[in-house]
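**Student:**
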Amino acid sequence: IDSNIAEELYELPCDEEWEINRAQITIREQLGEGAFGLVMRGDAVGLTDMPSTCSVAVKMLKADATENELADLLSEMDTMKEIGRHKNIINLIGACTQHGPLFVVVEFAPHGNLRQFLRERRPSEYQYNRLSYSAASLTIRDFVSFAFQIARGMEYLGTRKCVHRDLAARNILVGEDFVMKIADFGLARNVRDLEYYRKTTDGRLPIKWLAIEALFDRVYTTQSDVWAFGILLWEIFTLGGSPYPGIPVEKLFDLLKSGYRMQKPQNCPSDIYDIMLNCWDENSTNRASFTDLRKQFDSMLSSMA
Ligand code: ACK
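Going by the working numbering, the first residue of the sequence shown is number 2, and it counts up by one from there.
1. Is the segment 242-252 in contact with the segment 215-226, if contact means three or more CB pairs nearer than 8 Å?
2. Quick one: which unbroken alpha helix (DSSP H) runs of 4-plus residues sit fully inside the segment 31-109? Chain order, please.
3. Excluding sequence positions up to five away, which residues of its chain have a Cβ less than 6 Å from the Cβ of Arg295?
4. Once you ignore the five residues that flank Thr239 on each side, which residues in its own chain have a CB closer than 7 Å to its CB?
5. Find out if the Cβ-Cβ distance for the pair Leu256, Ile208 is shorter than 8 Å.
6. With hydrogens ignored, establish whether the beta-carbon of Phe186 is closer than 7 Å to any heavy atom of the ligand ACK.
7. Whether or not the segment 224-232 and the segment 104-116 are in contact is what I'm after, with contact meaning three or more pairs of Cβ atoms, one per stretch, closer than 8 Å; do they touch?
8. Apart from the five residues on each side of it in sequence, which residues of its chain come closer than 7 Å, Cβ to Cβ, to Leu278?
9. Can you tell me whether DSSP reads Ile248 as helix, strand or coil?
10. Put Thr239 into one of helix, strand or coil per three-state DSSP.
11. Run through the DSSP bridge pairs and tell me what Met181 is partnered with.
12. Consult DSSP for Asp194 and reduce its assignment to one of helix, strand or coil.
13. Apart from the five residues just before and just after Val164, which ones in its own chain have a Cβ nearer than 7 Å to its Cβ?
14. Count the other CB atoms, across all protein chains shown, that sit within 10 Å of the CB of Gly54; report buried if there are 16 or more and exposed otherwise.
15. Using a Cβ-based criterion (distance less than 7 Å to any ligand heavy atom), does Ile91 qualify as near the ligand ACK?
16. Can you tell me whether Gly47 sits near the ligand ACK, meaning its C-beta is under 7 Å from at least one heavy atom of the ligand?
17. Tell me the rounded alpha-carbon separation between Ile94 and Ile183.
18. Here's the rule I'm using: 16 or more other beta-carbon atoms within 10 Å means buried, otherwise exposed. How should Thr286 be labelled?
19. Round the Cβ separation of Leu74 and Ala58 to the nearest angstrom and send it over; I've been treating them as touching at under 8 Å.
So this is what it looks like as structure tokens:
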């Protein structure tokens, strides 16, 4: 009995406003594995307010999912409904809750996560030596535009009383026309159980994004998201670098407490490094708000036009 949570043993409530007919979705390849289950690409036909056929991302449980994982996926869907739509977040499209496994259907981001996206655009050694940046490579203005869009998405989530708790380049997805979209903001995160020492699939430690008060006192607020945004800025300006390279977790506590912060990345303008340092202010009330950040990047963009 236990082994069938992903199937139809559970009768889920049907929300007419969001329900999608299963026949409209064809599941294609796997995009990845999340905390709770699987993310698949799907082809969708005849969705309202969408092109007649389009790609979607479908979140679903694994075959061996537990009741808790079902509850988490349902809670993520409910949070997405409450938060509402914004250009710079991954929006909910709808769900298939009836006559089969739960599908939570969200916007598909064709260019994948921002960390990978940036790494794939690192200049090749050839270009590097010749100092010739190809037309395809990214400029400082692109980086400022990415930062602006992410700050705008975070500003919106803040107005909806949403604290992300895991803001990082790996959780930004790159959409059509290179629109930055914040992902996984609806996850029910059990902060107490946060595994500080557990590495991500690419071997990095999520604790390296944590604000000093989140690290020491487990206090998570919009202002600790601002600290993480500073690390994300650093990731952008290092084209997907790994923060505090070579520094083990147990050293990080003392280093941060003593005031140590990461150096300015090469080719990073000093006004942007100043923003990073402000995001990493020990006193969370001294940090800029996402509204301040959005405005700063907006005026930088205007001056770079
Ligand atoms: O970082 P990734 O390559 O991009 O691996 C994760 C994985 O699924 C588990 O979350 C990818 N993914 C999640 N949501 C989407 C989406 N809406 N569009 C494209 N890829 C997605 C994500």
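Using N, Cα and C, we set each Cβ at its ideal position, and we do this for glycine too. Values in this document were obtained by computation on a predicted structure and should not be read as measured data.
**Tutor:** Per the coordinate set shown:
1. no
2. List check, alpha helix (DSSP H) in window: 68-84.
3. Residue numbering aside, residue 295 sits at position 294 when the sequence shown is read from its first letter. Cβ within range, chain order: Ala152, Arg153 and Glu156.
4. Here the question's residue 239 lines up with position 238 in the sequence shown. Cβ within range, chain order: Pro266.
5. In the sequence shown, residue 256 corresponds to position 255, counting from 1. In the sequence shown, residue 208 corresponds to position 207, counting from 1. Contact: no.
6. Within the sequence shown, the letter at position 185 stands for residue 186. Checking the Cβ of Phe186 against the ligand ACK gives no.
7. no
8. If you number the sequence shown from 1, residue 278 lands on position 277. Arg262.
9. As a working note, residue 248 is residue 247 in the sequence shown. Of the three classes helix, strand and coil, the one that applies to Ile248 here is coil, per DSSP.
10. For the purposes of this step, residue 239 is taken as residue 238 along the sequence shown, with counting starting at 1. Of the three classes helix, strand and coil, the one that applies to Thr239 here is coil, per DSSP.
11. Reading the sequence shown from its first residue, position 180 is the one you call residue 181. Answer is Val175, bridged to Met181.
12. The count along the sequence shown starts at 1 and reaches residue 194 at position 193. The predicted model places Asp194 with a pLDDT of 49, which falls under 50 and marks its position as unreliable; any figure quoted below should be read in that light. It is helical.
13. Counted from its first residue, the sequence shown places residue 164 at position 163. So the qualifying residues of the chain are Tyr221, Thr222, Thr223 and Asp226.
14. Here residue 54 corresponds to residue number 53 of the sequence shown, with the count starting at 1. For the record, residue 54 in the displayed sequence is Thr; it is not Gly. The residue in question, Thr54, is exposed, as its Cβ has fewer than 16 Cβ neighbours within 10 Å.
15. By 1-based counting over the sequence shown, the position of residue 91 is 90. Yes, the ligand ACK has a heavy atom inside 7 Å of this Cβ.
16. Residue mapping note: residue 47 aligns to position 46 of the sequence shown, counting from 1. Because no heavy atom of the ligand ACK lies under 7 Å away, the Cβ of Gly47 does not count as near it: no.
17. What you label residue 94 is simply residue 93 of the sequence shown in a count that begins at 1. What you label residue 183 is simply residue 182 of the sequence shown in a count that begins at 1. Inter-residue distance for Ile94 and Ile183 is about 15 Å (C-alpha atoms, whole angstroms).
18. Within the sequence shown, the letter at position 285 stands for residue 286. By the 10 Å Cβ count, Thr286 comes out exposed.
19. Numbered from its first residue, the sequence shown carries residue 74 at position 73. Numbered from its first residue, the sequence shown carries residue 58 at position 57. With a Cβ gap of about 13 Å, Leu74 and Ala58 do not count as contacting.
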